[in-house]
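Below, the structure written as C-alpha cells:
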C-alpha cells in the first residue's frame, strides 16, 4: 500500500518488460523506495537489472505497468519531459564512471546543473560537491590525472550535485579494487543519506548490498527478498 | 545563444582535437576562398572590360552600330540627327587597325559633333577644342594616341606612325596623347579616316545624345524603324548584355568549379563531424542520460559545425581576396581564358558577394554536421552508453535505393533545357549524381566486398574485410570524401580530354593546306584582287584559297558572329568544312550558307531553314545548307561561298589565305617570297603559319585556358585527400581499444599494421573505382549537357585510362599509407592499456 | 570687327598638303545684292552679325545678338569625303535681360554638309542644326535660335525688316583693319532693321518689337600681329542715322587702327579715317567672374566736318560679359548700350587677357 505518494522517491507498480526476442524479463514487478532509503538489487546476469534501471530512468519503455519518480508518473511523458525529469530528479552512478575526459572535474560535476537552464553558481556548487567527495581544490584538473576511485568520487558528486530525489547506481564498484570499493560505498551511502534521496543500487557485490537498507533479488517472478 | 553545457562540450572537444577542427575549418576556408576569388576576378575582369568598351564608345545615350566592320551608308547620319528627340548625333568611323603588328582601334571622329555626344571621348582626345587647341583639328595626317597605343608603338608625340587597316597603310603624325586609358585607341578626323582608309561614304557608328525630355524607348523605336539591315541600335543595356555574355558561360563554369571545391569541403566537414560523433557517441549518450534534450543535442552539433564554418569562412574571406589579387596579377582578368585581351583589371570587392560566399561556407559546414547530428540525437542513450566508440551492426543492410534514386533524378535533370542560356539543370544533375553516388557508397562497399568474404585470406586481410563489410557506414564516411573529389576530378578530366582530343582532330581537319596567311586588322577589308593575283602567281604556290573573314553582329545583345567567305563547292562543301551531317542542296536561286554548331544553340538556326544576313543595306535571305563543327568561335560562325559573298557585298577583298605548295618548295623561302609581294604596311600585318605550328599554338592556348580549371580540380582533390587522411587517422585512433584487444589475444603489431594497410588499400580502391565510375557518368553530363548549353559545341568522349590508373594507384597508396601512419601512432601509444580505457 | 578673327587665326595656322586658295580682299570690288547677302566660300572667313534692342509688350527692354560665322579651314581640298571640313559653320546667340543681370547664351558649331549645317551662296541662307538665319525674297531676314542649355534656356524667333539700304563700310565696302593694306575686309551693314517676333525666357513666350543692326564681313587676311583686342560699336540713332565706330588696340591700349562711318537718315554718308575716331573710358566695371576690367561706359567720339562729336555710352546693365572659354572661345564683353538719342551694341575684347594670334 502506498500511503503517502509524496514520501516515495520511486514507485514502480506491475512493471512488465520483454526482450526483443519475446522472452519475458519480468512482469508484475513492484518496487517502492522511500526518500532516504537505499535499496540494493541483485540477480543473475541477464535477469534485467540494468533494464529495470533504464525503465526507471525513462531511457527504455516498459510493456506494461507504471513508474512514478518523486511523485511524477513517467507514462504519458514525452522524451523531452522524461529528459527533464532525469535532469532534475535523478542522479546516476555508472560502473564505467563515464566522466567526460575533455571537461575539468568541476565541469563534470556541474553538468546536471548546466544541462537545463543555466545556473550561475554551477561551478561554485560543483566545487562544494568536490570537497564533499574528498577532492577539494581539484576542480580545474582533468580526469586523465585521476585514479578509478577518484573518478567514481566525481561520478558520485555529479549524481548528487543537483539534489535529486532518486539516485540510480549501476554496479558502482564493479571496476574498483576491493579496498577502493569499500571507501566509495561508504562515500555513496553517506552522501545519499545526507541528501535525503532515495537510492537504487544494482550490484553483484555482497559487500555493496550490505550497505543497503533492503536487499532485493530480481528473478523471473519479479523482485523478491533474498 | 550557446549555453554553458554546449560551450563546455565544444571547447573541450576542440582543446582535445584542435587539428581536426583546423582541417575542417581549412577545408571550408579553401572552398570559400576559391569561390570568392573566382567571383572577384570575374567581376573585376568584367568591370575592366566594360570600362574599356566605354572608353572606345565614349558613353553615348544610344548608338547606331553597323552589323559588320564594312559599315553602313553615311546618308543615315543626317536622318538620325534630324530625328525628334535626338539632341545631337556624332558620326564615327571605327576600324580595327594595326601598327607594326600591334592592334589598335582607329576612330575617325567629327570632333565638333562628338563634343556634344561623347564628351568623354573628345576630352580624352586632347585635340577636342577646335578653338583653343594649338593644332588644326581637321588635319588629314594628325593622330591622337591613347597612352597604351603610344606605348605599343614605341613612339612619342611628333613622330610619324604607320597605321594599317582595310588593306591600306597610312602615315600619320602623332599630334597628341589621349587622356589615360588602358585601351589601344587612335583618334583622327573623320574625313581623314574616310578618305585615307577607303571608307568614303561609310560609317561604322553614329553616337546619339537624346534630348533631356525625350522618351528613350520611343526614340529607340523610331530609330529601329528607320535603320537599314546593316545597322542596329545599341543601347547601354544591350551593350552590357553583350559584354556580359561574352564570357558568361566560362565565368559560370569557373564559379561552379569553385562551388564544387566548397562542396568537397562540406564533405570533409561531414566526415570530420561523423567521426567526431562516432567517437563521442557514449559522451552524447551520457549527456542524454543526465538530462540533455534531443533537440538541444542536435542544435549543439549543428552549432559546432556552424562555428567551424564561421572560422573557415573568415579565413576564406582573407584567402580569397589574396588569391584574387594574385590571380589577376599573374593570370589576367580572364584567368587565362582568352576572353579579355590584355586587360589588367582593378580588383572589385563587393561586400555582398563576400557575405554570400561566407554564408555558403557556413551553410555547407552546418549541412555537413546535420546528418551526423541527426544520427547522434536519434541514438538510444542506454544502448549507446554501453557500446564502444565504433558502433555498428553487421546484420544491418545498407539500402541501395536512396542513392540510386538521386542518381536517377540526376539523369532526369540532365535532360532539362538550359535556363537563361546557362546549364543550371546540368549542374544540378551533377550535384544530384554526386550526392546519389556518395549515398550509395555503404551499399556499394558491401556489395563489392561481399564476394571477397569467402576468399581465403591471411588474418590481417580477413580482419580488414570483415570490418569493412560489417561496418559499411563507417567505411562510407571515409569513402564519401574520396568518391566526391575523385568523381569531380574524373568528370572534369574526361571532359577536358574529350575536348582536347576533339579539338585536335578538328584542327587536323580544318587545316589541310601547307601554309596559312592571316592579315591582322583586315576586318573591314584586306587583300584586294590585285594583291590576291600577285600572291597566287608566286612561284612555288600550287594552289591558293583566299578567305574573307569578318565579324557580323546579328543581335545587339550578343557578341558578333564570324562570317567567312571561302572558295567552296556549293554541292560538296565537305572537303573544306567539318560538317556534322552531309550538306543539303540549296533550292534553286537561293544562296547556301553553312552555320557552325553554336549558331544552332544561340540563334536556333537549323539546317534546311532560312535566315537573313545583314550585309549591305538590305537583309539578305540565305539557305542553311548544313551545320559544321567549330571550336574556334564560341559565339557562332557562318561560312559561304566566295562568289556569293562578293556578289552580295561587292567586297572582293580577302583577309586570309590557305596555300598549297608545289612539292619540294622550302616553306621559309616561299613565306618570304609571298611577304615580299605584299605592300610594306600589309606585309607587317601579315602572319604566316604552318598547320603544325597552328595546332601547337591552338593546343597551347587550349591548355592555358584550362589551366585554372586544372588548378581548381587539383585543389578539390587535395581537399578530398586531406579528408581521407583525417578520416583514416581519426577512425584508426578511435579503434585503439580494438587494437589493444587484438594485441591481447596474440595478433602481432605487424599484423595489425598489415590489417590497417589492407583496410586503407581496400577503401582507396573501392572509393577510387566508385569515384571513377561516377566521374565518367558525370562527365557525360559535362560533355552532352553543360558544354553544349554553355559553349554550344559538342565533342566525342575519350577516356584517359592512364590517368584513371594513376589516380587509382595514388588513392590506394595514399589511403593505405595514411591508415598505416595513423595505426602506428595508435599502436605506439600503450594500446594494451587502452583496453581498460573508458573512451 | 569680331573676336572670332582670333579663333580663325588659330584654325588657319597649320599647313596642309593641298591648301585652299583663299580669295583676296581688293579695293574696288563692287558689292551686289542680294548675291552678297549669301556666302563667299572662297574667302577664309565670313560672318552675319545681328545685334539689337527688343521691347516686350509690358515695356521691358532686352538686348540680343545672333551671329553666324563661316570659316574655311586649311584642310586638304582633295579629300572627297563629305565630312571634309571645307567649311565650318559656327553660330552664337546671347540675350541681355536686365532682370536676369547677366547674359543667357549658347552656341552651335558644325562642319558644313549633309544639310545639317550650311551657308548658301546667292542669298543669306544659314543653317546650323535647329538654328537659322534666312533672308526671304522680300528682303526680310528671319532668325530662329533655341537654346536648351541648362540654366539659361532661351529662344529667339525674330523677323528683321530692313528700313534702309545696305550701308557699305569703308571704301564702297572695302574696309581697312590695320596699317597694312592686306589687313582689310569686305564690310557692309544693314542698320535700322525693324524687329517683330517673340522671345522665350524661362519657358514663357513673349511678343517683342525692336530695332536691330546686321553686320556682314568677309576676308581672308589677318589682323595686325601687334593687336591685342578691339572696341566696336554700332548705333541706330533716333534721327535715322547709323554710326559705326571701331578701333584695334595694341598692348599699351593705343589704337593701331580705327575707323567707322556715319550715315544720315537722308542717305548721306561719312567715312572716318583712323584719326577721326576716339574711344575714351568714362566708367569701368570689373567682372566678378574673370576679374577683367571693362570700359563699359565709354565716351565715343568722331570728327565730323572737322568738329568732334561725342556720345556718352550707357550699358543696358553692366554684366554683359561673355565667358566662352568652356567652349574654347575668349572672354569678352558685348552688350546692348544707349547713347543720348540712340541705341545700339558695344563690343569690348582683349580685356581679360591679350588675345594671342
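Protein chains in written order, with this note's numbering: chain A, 119 to 344; chain B, 221 to 1059; chain C, 22 to 378. By construction, the Cβ of each residue, glycine as well, lies at the ideal position given by its N, Cα and C atoms.
Annotated three-state conformation of residue 394(B) is strand, per DSSP.
Secondary structure note for residue 297(B): its alpha helix (DSSP H) is the uninterrupted segment 296-301. In the displayed model, residue 216(A) falls within coil according to three-state DSSP, outside both helix and strand. Judged by beta-carbon spacing, residue 133(C) lies beyond the 8 Å limit of residue 98(C), meaning their Cβ atoms are not closer than that value. DSSP, reduced to helix, strand and coil, places residue 153(C) within a strand of the structure shown. Within chain C, the residues 104 have their CB atoms less than 7 Å from the CB of residue 410(B), given in chain order. At least one beta carbon of chain B lies nearer than 8 Å to the beta carbon of residue 135(C).
Here residue 397(B) has 346, 364, 365, 366, 367, 370, 377 as same chain residues with Cβ atoms under 8 Å from its own Cβ, once five neighbours each way along the sequence are excluded. Taking C-alpha positions only, residue 752(B) is separated from residue 443(B) by approximately 39 Å. Fewer than three pairs of CB atoms, one per stretch, sit closer than 8 Å, so the region 82-97 of chain C makes no contact with the region 322-330 of chain C.
At a Cβ-Cβ threshold of 8 Å, residue 384(B) and residue 720(B) do not count as neighbours. Under the three-state reduction of DSSP, residue 833(B) is assigned to strand. If one requires a minimum length of 4 residues, the alpha helix (DSSP H) runs lying completely within the region 956-1006 of chain B are 956-964, 969-1001, in chain order. Per DSSP, residue 325(C) is not a residue of any alpha helix (DSSP H); the beta strand (DSSP E) it occupies stretches across 320-325. Taking 8 Å as the cut-off, the Cβ atoms of residue 785(B) and residue 768(B) count as close. Listed along chain B, the residues sitting closer than 9 Å to residue 204(A) by beta-carbon distance are 508, 509, 510, 511.
Between the alpha carbons of residue 263(C) and residue 194(C) lies a gap of roughly 16 Å. Rounded to whole angstroms, the gap between the alpha carbons of residue 931(B) and residue 698(B) is 24 Å.
Contact annotation: residue 857(B) and residue 866(B) have beta-carbon atoms that are not nearer than 8 Å. Taking 7 Å as the upper bound on Cβ-Cβ separation, chain B lies near residues 94 of the region 73-94 of chain C. Chain C places no beta carbon closer than 8 Å to that of residue 448(B), leaving this residue out of the contacts.
Residue burial annotation: residue 917(B) is exposed, with fewer than 16 other C-beta atoms found within 10 angstroms of its C-beta. With a cut-off of 8 Å on Cβ pairs, the region 616-629 of chain B is not in contact with the region 523-539 of chain B, counting fewer than three such pairs. The beta carbons of residue 821(B) and residue 846(B) sit no closer together than 8 Å. Taken through DSSP and simplified to helix, strand or coil, residue 319(B) comes out as strand.
Residues of the region 232-256 of chain B with a C-beta atom less than 7 Å from some C-beta of chain A are 232, 233, 235, 236, listed in chain order.
Neighbours of residue 225(B) in chain A, taken as residues at a C-beta separation under 8 Å, are given in chain order as 229, 232, 233. Every unbroken stretch of the beta strand (DSSP E) spanning 3 or more residues and falling wholly within the region 225-282 of chain C is given here in chain order: 225-240, 250-258, 263-270.
The alpha carbon of residue 180(C) has as its nearest neighbour, out of 149(C), 169(C), 157(C), the alpha carbon of 157(C). Nearest Cα to residue 288(A) within the set 258(A), 317(A), 268(A), 193(A): 317(A). Residues of chain A whose Cβ lies closer than 7 Å to the Cβ of residue 503(B) are, in chain order, 218. Distance check between residue 451(B) and each of 302(B), 491(B), 1035(B), 835(B) places 835(B) closest, using alpha-carbon atoms only. Considering only 869(B), 656(B), 731(B), 567(B), the residue with the shortest C-alpha distance to residue 912(B) is 731(B). Assignment of alpha helix (DSSP H) within the region 198-275 of chain A, counting only whole runs of 4 or more residues, yields 223-233, 240-250 in chain order. Beta-bridge partners assigned by DSSP to residue 135(A): 144(A).
Within the region 278-294 of chain B, the residues whose Cβ lies closer than 8 Å to some Cβ of chain C are 294, listed in chain order.
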